[in-house]
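Here the sequence shown stands for residues 4 to 266, where the numbers follow the working numbering.
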Amino acid sequence: ITFAAVFNPLVVRTFHFNVVIYWMVVAFRQGLDYYRKYRDREVRAAELEKRLVEARLHSLQTQINPHFLFNTLNAIASLMHRNVEAADRALVRLSELLRLAVDSAATQEIPLRQELEFLTRYLEIEQTRFGERLDVRIEMAAETLEALVPNLLLQPLVENAIRHGIQPHARPGQIVLRSWREGDRLGLLVQDSGNGAGSPPPAREGIGLSNTRSRLRLLYGEAHQLSFSPSPQGGLQARIVCPFRTAPSTAAKKHEDPDRNRG
Numbered sequence: 004i005t006f007a008a009v010f011n012p013l014v015v016r017t018f019h020f021n022v023v024i025y026w027m028v029v030a031f032r033q034g035l036d037y038y039r040k041y042r043d044r045e046v047r048a049a050e051l052e053k054r055l056v057e058a059r060l061h062s063l064q065t066q067i068n069p070h071f072l073f074n075t076l077n078a079i080a081s082l083m084h085r086n087v088e089a090a091d092r093a094l095v096r097l098s099e100l101l102r103l104a105v106d107s108a109a110t111q112e113i114p115l116r117q118e119l120e121f122l123t124r125y126l127e128i129e130q131t132r133f134g135e136r137l138d139v140r141i142e143m144a145a146e147t148l149e150a151l152v153p154n155l156l157l158q159p160l161v162e163n164a165i166r167h168g169i170q171p172h173a174r175p176g177q178i179v180l181r182s183w184r185e186g187d188r189l190g191l192l193v194q195d196s197g198n199g200a201g202s203p204p205p206a207r208e209g210i211g212l213s214n215t216r217s218r219l220r221l222l223y224g225e226a227h228q229l230s231f232s233p234s235p236q237g238g239l240q241a242r243i244v245c246p247f248r249t250a251p252s253t254a255a256k257k258h259e260d261p262d263r264n265r266g
């Protein structure tokens, strides 16, 4: 029996079936190629979106640093005409603030403990400025101190509370800072004893508050809340709720990279 005698009938009998199998293989291969290209486009789009968000966050952070610096310098300038020694102490605190701001300039999120250290120095300047008119009460839950928060998150809120709740009044006022944890959520509160909702809210938020709102939206999307409401003391309170997460522990970092500190 020759090869042609076997091959020709076999091809004729299975030709249509072979054509179907061939096109199924081609379709599967084409579909796989399209899927890979689609996934590659998704990855590239996600990377571009991430870079855009990082660029916008960096832009917002570079915007808030001069804003904070100018406001603090104005506060110190007002002291120069009344109390030179107090102004000198405030300048020392400002230099410490600038050092902390520079050290964390490239970081979008820092532990609440570090944010509170920065805020404490800022409040020392304001207390030098207002004296007994400004009373500060800090009630931060110990379990929240290592939670990550946006860099310079609380300073604009405290600045706003001092500007509208303390500065317009000759009587003493109080600023309350509070934090708590509810499951996987972190809560933060900045409260003043000013007029609160008794005076109409400004038609437009200042640089500090609008910057804070934008950074929260970019970092957490819909998983955050920033709201203002009257406080029980008669002033206004700013309330922030965001995801509770912490930075990797030092031990974990060393375990991941044991040769980091060698040499």
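Ideal placement from N, C-alpha and C gives every residue a C-beta, glycine not left out.
{"query": "How would you call E162, buried or exposed, if buried means at least 16 neighbouring beta carbons within 10 angstroms?", "result": "buried"}
{"query": "Would you mind reading off the limits of the alpha helix (DSSP H) that contains I243?", "result": "Taken as a continuous stretch (DSSP letters only), I243 belongs to no alpha helix (DSSP H), being part of the beta strand (DSSP E) at 239-246."}
{"query": "For A200, which three-state DSSP category applies?", "result": "With a pLDDT of only 47 at A200, under 50, the local geometry of the prediction cannot be trusted, and no value is derived from it."}
{"query": "Report buried or exposed for E118, applying the criterion of at least 16 other Cβ atoms within 10 angstroms of its Cβ.", "result": "buried"}
{"query": "Kindly provide the ranges of any beta strand (DSSP E) runs that are 3 or more residues long and lie completely inside the stretch 152-232, ordered along the chain.", "result": "176-185, 188-195"}
{"query": "Restricting to Cα atoms, I'd like to know which of A250, L115, A49 is closest to G190.", "result": "L115"}
{"query": "Using the C-alpha atoms, what's the distance from D187 back to L229?", "result": "17 Å"}
{"query": "Taking only the alpha-carbon atoms, compute the straight-line gap between A90 and A173 and give it to the nearest angstrom.", "result": "21 Å"}
{"query": "Judging by CA-CA distance, which residue of I169, P153, L100 is the nearest neighbour of G134?", "result": "I169"}
{"query": "Take R242 and list the residues in its own chain whose beta-carbon comes closer than 6 Å to its own, dropping the five residues that flank it on each side.", "result": "L192, S230"}
{"query": "In chain order, what residues of the same chain have a beta carbon less than 6 Å from the beta carbon of G209, not counting five sequence neighbours either side?", "result": "none"}
{"query": "Any contact of the stretch 69-87 with the stretch 216-225, i.e. 3+ C-beta pairs under 8 Å?", "result": "no"}
{"query": "Applying the criterion that 16 or more other CB atoms from any shown protein chain within 10 Å of the CB defines a buried residue, is T131 buried or exposed?", "result": "buried"}
{"query": "Would you kindly work out how many angstroms separate the C-alpha atoms of I165 and K40, rounded to a whole number?", "result": "55 Å"}
{"query": "Exposed or buried, what is R184 when buried is set at 16 or more other beta-carbons lying within 10 Å of its beta-carbon?", "result": "exposed"}
{"query": "From the DSSP output, which residues share a beta bridge with R140?", "result": "V179"}
{"query": "Return the Cβ separation of G211 and G197 in integer angstroms, given the expectation that the two are a contact with Cβ distance under 8 Å.", "result": "Contact flag wrong, Cβ pair sits at about 17 Å."}
{"query": "So, for V244: in the same chain, excluding its five sequence neighbours on each side, which residues have a beta-carbon less than 6 Å away from its beta-carbon?", "result": "R188, G190, Q228"}
{"query": "Return yes when the Cβ of I141 is within less than 7 Å of the Cβ of A93, no when it is not.", "result": "no"}
{"query": "How is P251 classed by DSSP in three states: helix, strand or coil?", "result": "coil"}
{"query": "Apply the 10 Å Cβ neighbour rule to D43 and answer buried if 16 or more other Cβ atoms are within range, or exposed otherwise.", "result": "exposed"}
{"query": "When we look at the beta-carbon of P12 and count the other beta-carbons within 10 Å, is it buried (16 or more) or exposed?", "result": "exposed"}
{"query": "Within this structure, are the beta carbons of D195 and G238 separated by less than 7 Å?", "result": "yes"}
{"query": "Restricting to Cα atoms, I'd like to know which of T147, G34, P171, A145 is closest to L137.", "result": "P171"}
{"query": "Please report the Cβ distance between I113 and L151, rounded to the nearest whole angstrom; I am assuming they are in contact, meaning their Cβ atoms lie under 8 Å.", "result": "7 Å"}
{"query": "In terms of residues, what are the limits of the beta strand (DSSP E) holding E112?", "result": "112-114"}
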